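Novice:
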Amino acid sequence: MKKKRIFIGVVFTLYSVVLLYIWLFNGRGRLYDMPLLEYVRRSVNFIPFLTVANYIKSIGTGTINLKTVFINLAGNIFLFTPLGFLLPAVFPKLRRLWKTMLTVFLIVLAVESLQLILQIGIFDIDDFILNAFGAVLGYGVWKWKPIQKFLTEEKQLKA
34 MKKKRIFIGV VFTLYSVVLL YIWLFNGRGR LYDMPLLEYV RRSVNFIPFL TVANYIKSIG
94 TGTINLKTVF INLAGNIFLF TPLGFLLPAV FPKLRRLWKT MLTVFLIVLA VESLQLILQI
154 GIFDIDDFIL NAFGAVLGYG VWKWKPIQKF LTEEKQLKA
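Numbering (the numbering used here), first residue to last: 34 to 192.
#1: Please name the residue in G42, W177, L151, I104 whose C-alpha comes closest to that of V73.
#2: Using 8 Å for Cβ pairs, my map puts L106 next to L163. What's the rounded Cβ distance?
#3: Skipping 5 residues on each side, what residues in its chain have a beta carbon closer than 8 Å to that of K35?
#4: Would you kindly check if the distance between the Cβ of L116 and the Cβ of V137 is under 9 Å?
#5: With DSSP as the reference, label F109 as helix, strand or coil.
#6: Using a Cβ-Cβ cut-off of 6 Å (strictly less than) and excluding sequence neighbours within five positions of M134, which residues of its own chain qualify?
#7: Tell me whether the beta-carbon of A22 lies closer than 9 Å to the beta-carbon of F113.
#8: Rounded to whole angstroms, what is the Cα-Cα separation between R129 and K178?
#9: What number of angstroms, rounded off, separates the C-alpha of V174 from the C-alpha of D160?
#10: What does a CB cutoff of less than 7 Å around I97 pick up in its chain, not counting 5 residues either side in sequence?
#11: Rounded to whole angstroms, what is the Cα-Cα separation between Y48 and V169?
#12: Does the Cβ-Cβ distance between S76 and G154 come in under 9 Å?
#13: Under a Cβ-count criterion, where at least 16 other Cβ atoms within 10 Å of its own Cβ denotes burial, should I140 be classed as buried or exposed?
#14: What residue from K126, L149, T94, F103 has the CA that sits closest to P68's CA?
#15: Report the residue from V85, K182, I41 whose alpha carbon sits nearest the alpha carbon of N109.
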């Protein structure tokens with residue numbers, strides 16, 4: 034059991050480092066050279082599904098590549114699927130859905146805010162929605178009985 038916990042902890046650490054790199058540094062520099070308050074005013078979206086709707090409109094008008102849309106939307110979902118699985122696997126106190134989702138929300142809030150402050154991204158409610166959906170998928174994997182049995186099964190001692 035101890036080897037499994039160590040392995041899962043290492044996977045969680047590596048996943049976290051990769052996620053932070055993708056989120057904060059992957060091909061991004063400062064997007065605009067403007068005062069922070071002006072940047073915030075232009076770079077915040079609190080309207081649910083506005084970004085998704087804009088992607089759909091852009092596909093219809095041919096002004097955006099389908100690959101770009103897929104990478105942005107599916108990426109926001111699938112990058113967080115492991116988090117929904119790993120949080121309850123690593124932290125036993127997060128084994129209830131609401132606790133896992135609260136933790137995901139706080140992580141996303143922190144990084145989205147950091148992106149905004151560093152002017153390397155936008156603060157978009159759609160990211161929260163898609164990230165949360167991915168985390169719920171991962172949590173569903175965690176709740177799957179064969180997975181839980183494998184992760185929590187103690188090695189049987191021979192009598």
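Virtual Cβ for every residue (Gly too), placed ideally from N, Cα, C.
Just so we're clear, the structure is a prediction, and the values are computed from it rather than from any experiment.
Specialist: Taking the definition as stated:
#1: As a first step, residue 73 is located in the sequence shown; it is residue number 40 there, counting from the start. Nearest option by C-alpha distance: L151.
#2: On the sequence shown, position 73 is the one that residue 106 refers to. On the sequence shown, position 130 is the one that residue 163 refers to. Sure, about 6 Å apart at Cβ, within 8 Å.
#3: Indexing the sequence shown from 1 puts residue 35 at position 2. Taken in chain order, the list of residues that qualify is empty.
#4: In the sequence shown, residue 137 corresponds to position 104, counting from 1. In the sequence shown, residue 116 corresponds to position 83, counting from 1. Cβ atoms of V137 and L116: closer than 9 Å.
#5: Here residue 109 is taken as the residue at index 76 of the sequence shown, counted from 1. Looking at the sequence itself, residue 109 is Asn, so the reference to Phe does not match. Here N109 sits in helix by DSSP.
#6: Translated into positions along the sequence shown, residue 134 becomes position 101. Nothing listed; no residue qualifies.
#7: Any question about residue 22 goes unanswered here, given that the chain covers just 34 to 192.
#8: Here residue 129 refers to the residue found at position 96 when the sequence shown is read from its first residue. Here residue 178 refers to the residue found at position 145 when the sequence shown is read from its first residue. When rounded, the distance between both Cα atoms is 15 Å.
#9: Start at 1 with the first residue of the sequence shown, and residue 174 comes out as number 141. Start at 1 with the first residue of the sequence shown, and residue 160 comes out as number 127. Cα-Cα distance, rounded: 21 Å.
#10: In the sequence shown, counting from the first residue as 1, residue 97 sits at position 64. Closer than 7 Å at the Cβ level, and outside the excluded window around I97, lie Y88, S91.
#11: In the sequence shown, residue 48 corresponds to position 15, counting from 1. In the sequence shown, residue 169 corresponds to position 136, counting from 1. Going from the Cα of Y48 to the Cα of V169 covers about 17 Å.
#12: Taking the first residue of the sequence shown as 1, we reach residue 76 at position 43. Taking the first residue of the sequence shown as 1, we reach residue 154 at position 121. Taking 9 Å as the Cβ cut-off, S76 and G154 qualify as a contacting pair.
#13: By 1-based counting over the sequence shown, the position of residue 140 is 107. Under this definition I140 is a buried residue.
#14: Numbered from its first residue, the sequence shown carries residue 68 at position 35. When only C-alpha atoms are compared, the closest one is L149.
#15: Counted from its first residue, the sequence shown places residue 109 at position 76. Nearest C-alpha to N109: V85.
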